[in-house]
Amino acid sequence: MSDYEQSSTGRGPGANSPRREMDLFDIVALAWAEKILIVLVFLALFIPAAIAAYVLLQPTYEAQSRLLILLDEENPTPAAAGTGDAFVLDQVMQSEIEILNSDAVRRFALERSGAEVTPTALQRLRDGFSINRPPFSSVLIAQFESADPERAARTLNAIVDAYLAYRQEILLEDGAGSLSARLARAEIVAESAAADLRNFLISHDIGDFEAERAALIARISDLQTRLLAAEAEADAAQAGAAALRERLETLPQTIEQYVENDVSGQLLTLEVRRRELLARYLPEAPPVIAVEREIEALRDFIQSGGAEGAGQRRTGPNPIYQELDTTRLQQANAAVTQTRLARALRGQLANAREQSARLRALRPAYDRLNREAQAATLAAERLVGQVANADAQAAGSPEAAEAVRIVERAYPPDQASSLRKIGVIGAGVFALGLAMLTGLLRGYLTGYRPRSSPPPRVSRDAPPHAYRDAASQDMPPRAPHSTPTRKRRSMPVLARVAEEPASAPR
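Using the numbering used here, you'd call the opening residue of the sequence shown number 11 and step up by one each time.
Printed below as a string of structure tokens:
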């Protein structure tokens, strides 16, 4: 017999015996002792819950439709009206799922079917509709649940048709129209920006800002080079003129050109006379000898220098002085010319720098207006290409422009899916668990929990030591000089053997 039965019948250990731990055998014994209560609680809970699950969980029919998403290698976005970054498959499929599962498609489906668009109708479509996508696939599985199979298929086909029409409308028709409107606005903005830039240039007397600025930079560089050359030539000419002036101060303006005397003529006359005499006389004739003496005497006089510097002197301008003075005048004239040229170049350079400074001050405003004009023009050019692409897609056949294909339309399903069986099983598990818990708690509270004996009663008129004597009588006797030993925790067992004394007869 178990300890639970012994304690309930009074044949077990006394009230003051130490309490032991429960094991699986005790739990089974408690459940078996309260089996009637457990069965009653189970039936009381299971029957209403099972009836409610059977009544409330009605069978539903799930219609399915499959859609294939086609991707273009040149334009990865399905039937995109504009250009953009490349989409991967997951992003494209997620975008299509969001469009298909949007309230706009549900409203469009209700409007196409002629039904009234109410929050209740939208909520009913939202609750029954679901979308699944197989992994690594471009197929979407649309599902709709309803109690009527015909209604489920009809509603799902209406949603799919509304999705295709709405998708074509927003991606092709609305895209081309919105792009045309954007192009018109972009062209107006581009014309306005170009007019602002043109008025800015006209108001500041500028034809081509960049060309004039480049021409001014080249002109400033050329003027600086010419100015430096003119200043260098002027300095060189002034220095040359000063050097020539100093040189001319050391030179006479006039010089003695020659001295006229008759010695050479007389010698020539004597030679002629000697020739004439030789023609008439012999060389030893006295007239010839006399003439030769005169000739020798005159030659000796000339050779001795007696005739040098004698005679009539003639003076004139110094040719060297005149040449140097002419060169000095040329250098002075060149210095004056180069100085005037340098002065003119300085004025031109100052004017060019002033113009360059004016353009430099106007550069920020010009850059801003130029950027706005270029950006507006570039945006308009891009929109022109997008509008042409959208028009081409919209003008093409719907089959060629559409990137979504209906692989399988929804048909009324043959089999219904119901949660009645799962609901009944869940109700049974819940009722059984609660019934077991109730029975075990009642058995534990009524039979297994040890009861403590009531304290002894002492008369009101008893002396004070009577309370101490009564308490000492209830306490178990202690062994003298006993050392408390730590009780080892026993392991739970699945079966128990009746405890009998070793000397009990068999």
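For glycine and all other residues, C-beta sits at the position ideal for the given N, C-alpha and C.
Treat the numbers as computed from the prediction; the structure is a model and nothing was measured.
(request) Return the first residue and the last residue of the alpha helix (DSSP H) that I57 is part of. (result) As a first step, residue 57 must be located in the sequence shown, where it is residue number 47. I57 -> alpha helix (DSSP H) spans K45 to L66.
(request) Along the beta strand (DSSP E) that carries Y173, what are the first and last residues, could you check? (result) The sequence position of residue 173 within the sequence shown is 163, counting from 1. No beta strand (DSSP E) contains Y173, which is instead part of the alpha helix (DSSP H) from P159 to Q178.
(request) Within 10 angstroms of the Cβ of L517, are there 16 or more other Cβ atoms? Answer buried if so, exposed if not. (result) Residue numbering for the chain in the displayed model covers 11 to 516; residue 517 lies beyond these limits and cannot be assessed.
(message) Tell me which residues share the same chain as R363 and place their Cβ nearer than 7 Å to its Cβ, disregarding the 5 neighbours each side in the sequence.
(response) By one-based count along the sequence shown, residue 363 stands at place 353. Answer for R363: I230, listed in chain order.
(request) Let me know if R177 comes out buried or exposed under the rule of 16 or more other beta-carbons within 10 Å of its beta-carbon. (result) Locating residue 177 in the sequence shown gives position 167, counting from the first residue. So R177 ends up on the buried side.
(request) With E243 as the anchor, note down where its beta strand (DSSP E) starts and where it stops. (result) Position 233 of the sequence shown, counted from the start, is the residue given in the question as residue 243. From DSSP, E243 is part of no beta strand (DSSP E) but of the alpha helix (DSSP H) over F219 to E259.
(request) Could you tell me whether the segment 252-267 touches the segment 325-345, using the rule of 3 or more Cβ pairs below 8 Å? (result) A contact exists between the segment 252-267 and the segment 325-345.
(request) Kindly indicate the opening and closing residues of the alpha helix (DSSP H) around Q313. (result) For this step, residue 313 is matched to residue 303 along the sequence shown. Here the alpha helix (DSSP H) through Q313 covers P296 to Q313.
(request) List the residues that DSSP assigns as beta-bridge partners of I79. (result) As a working mapping, residue 79 is identified with position 69 in the sequence shown. Per DSSP, V414.
(message) Which residue marks the beginning of the alpha helix (DSSP H) containing A420, and which one marks its end?
(response) Locating residue 420 in the sequence shown gives position 410, where the first residue counts as 1. Where A420 is concerned, there is no enclosing alpha helix (DSSP H), given that its DSSP letter is neither H nor E.
(message) Please confirm whether V301 has its beta-carbon closer than 8 Å to some beta-carbon of chain C.
(response) Although the question refers to chain C, the structure presented lacks it and comprises just one protein chain.
(request) Measure the C-alpha to C-alpha separation of D100 and I151 and round it to an integer number of angstroms. (result) Residue 100 sits at position 90 when you count from the first residue of the sequence shown. Residue 151 sits at position 141 when you count from the first residue of the sequence shown. Distance between the alpha carbons of D100 and I151: 15 Å.
(message) Relative to the C-alpha of A251, which candidate in T336, R136 and R356 has its C-alpha closest?
(response) Counting from 1 along the sequence shown, the entry for residue 251 is found at position 241. Residue T336 is the option with its Cα nearest to A251.
(request) Reducing DSSP to helix, strand and coil, say where N142 ends up. (result) Taking the sequence shown and counting its residues from 1, the one referred to as residue 142 is at position 132. Here N142 sits in strand by DSSP.
(message) Buried or exposed for E44, going by 16 or more other Cβ atoms inside 10 Å?
(response) Here residue 44 corresponds to residue number 34 of the sequence shown, with the count starting at 1. With 16 or more other Cβ atoms within 10 Å, it is buried.
(message) Residues in the same chain with beta-carbon distance under 8 Å from S156, minus the five sequence neighbours each way, listed in chain order, please.
(response) Within the sequence shown, residue 156 is the residue found at index 146, counting from 1. In chain order, T70, Y71, A73, G138, A162 and T165 place their CB closer than 8 Å to the CB of S156, counting only its own chain and leaving out the 5 sequence neighbours on each side.
(message) Using the three-state DSSP reduction, which class does Y71 fall into: helix, strand or coil?
(response) If you number the sequence shown from 1, residue 71 lands on position 61. Residue state, collapsed to three classes: strand.
(message) Tell me the rounded alpha-carbon separation between L450 and L429.
(response) Locating residue 450 in the sequence shown gives position 440, where the first residue counts as 1. Locating residue 429 in the sequence shown gives position 419, where the first residue counts as 1. Each residue's CA atom was taken as its position, placing L450 and L429 some 31 Å apart.
(request) Name the residue from A60, V199, A41 and D33 whose alpha carbon lies nearest to the alpha carbon of A441. (result) For the purposes of this step, residue 441 is taken as the residue at position 431 of the sequence shown. A441 has its Cα closest to that of A60, out of A60, V199, A41 and D33.
(message) Quick check: I265 and R284, are their CB atoms within less than 8 Å of each other?
(response) Start at 1 with the first residue of the sequence shown, and residue 265 comes out as number 255. Start at 1 with the first residue of the sequence shown, and residue 284 comes out as number 274. Taking 8 Å as the Cβ cut-off, I265 and R284 do not qualify as a contacting pair.
(request) For T128, name the three-state secondary structure that DSSP assigns. (result) The sequence position of residue 128 within the sequence shown is 118, counting from 1. The answer is coil: DSSP assigns T128 none of H, G, I, E or B.
(message) Suppose contacts are defined by Cβ-Cβ distances below 8 Å. Is V301 in contact with L280 by that definition?
(response) In the sequence shown, counting from the first residue as 1, residue 301 sits at position 291. In the sequence shown, counting from the first residue as 1, residue 280 sits at position 270. For V301 and L280, yes; Cβs fall inside 8 Å.
(message) Quick check on L7: does DSSP put it in helix, strand or coil?
(response) Given a span of 11 to 516 for the chain in the structure shown, any question on residue 7 remains unanswerable.
(message) Could you give the first and the last residue of the continuous beta strand (DSSP E) run that contains Q153?
(response) As a first step, residue 153 must be located in the sequence shown, where it is residue number 143. Q153 -> beta strand (DSSP E) spans V149 to S156.
(message) Let me check understanding here. Comparing Cα to Cα, which of A242, R290, S274 and R122 lies closest to A168?
(response) Against the sequence shown, residue 168 aligns to sequence position 158. Residue R122 is the option with its Cα nearest to A168.
(message) In the DSSP assignment, the alpha helix (DSSP H) including S105 goes from what residue to what residue?
(response) Taking the sequence shown and counting its residues from 1, the one referred to as residue 105 is at position 95. Judged by DSSP secondary structure, S105 falls within the alpha helix (DSSP H) whose first and last residues are L99 to L110.
(request) Could you spell out where the alpha helix (DSSP H) holding T448 opens and where it closes? (result) In the sequence shown, the residue the question calls residue 448 occupies position 438. That run of the alpha helix (DSSP H) goes R430 to G453.
(message) Just verifying my parser: in three-state terms, what is the DSSP assignment at P327?
(response) Numbered from 1 along the sequence shown, position 317 holds the residue referred to as residue 327. Here P327 sits in strand by DSSP.
(message) Considering Cα atoms alone, identify which of S147, R134 and R143 is closest to F154.
(response) Along the sequence shown, read from residue 1 onward, the residue named residue 154 stands at position 144. Checking every option, the nearest Cα to that of F154 belongs to R134.
(request) Closer than 7 Å by C-beta to R368: which residues in its own chain qualify, once you throw out the five before and the five after it? Chain order, please. (result) The residue given as residue 368 occupies position 358 in the sequence shown. No residues qualify anywhere along the chain.
(message) If the criterion is Cβ atoms closer than 8 Å, does the pair A203 and A386 meet it?
(response) Within the sequence shown, the letter at position 193 stands for residue 203. Within the sequence shown, the letter at position 376 stands for residue 386. Contact flag set, yes.
(request) Give every residue of the same chain whose Cβ lies closer than 7 Å to the Cβ of A172, excluding the five residues on either side of it in the sequence, and list them in chain order. (result) Numbered from 1 along the sequence shown, position 162 holds the residue referred to as residue 172. If we look at A172 and ignore the five residues flanking it on each side, its Cβ neighbours are V115, F118, A119 and R122.
(message) In whole angstroms, give me the CA-to-CA distance for N142 and L47.
(response) Mapped onto the sequence shown, residue 142 falls at position 132. Mapped onto the sequence shown, residue 47 falls at position 37. So the alpha carbons of these two residues sit roughly 48 Å apart.
(message) With H, G and I counted as helix, E and B as strand and the rest as coil, what does DSSP make of I37?
(response) Here residue 37 refers to the residue found at position 27 of the sequence shown. In this structure, I37 counts as helix in the three-state DSSP scheme.
(request) Go through its chain and collect everything with a Cβ distance to G124's Cβ below 7 Å, but skip five positions before and after it. (result) The residue labelled residue 124 in the question sits at position 114 within the sequence shown. Annotation for G124: no residue places its beta carbon closer than 7 Å to its own, counting only its chain and skipping 5 residues before and after.
(request) Keeping to the same chain, check which residues put their C-beta closer than 7 Å to that of L372; ignore five residues upstream and five downstream. (result) Locating residue 372 in the sequence shown gives position 362, counting from the first residue. Setting aside the 5 residues that flank it on each side, L372 is surrounded in the same chain by H214, each with a C-beta closer than 7 Å to its C-beta; the list follows chain order.
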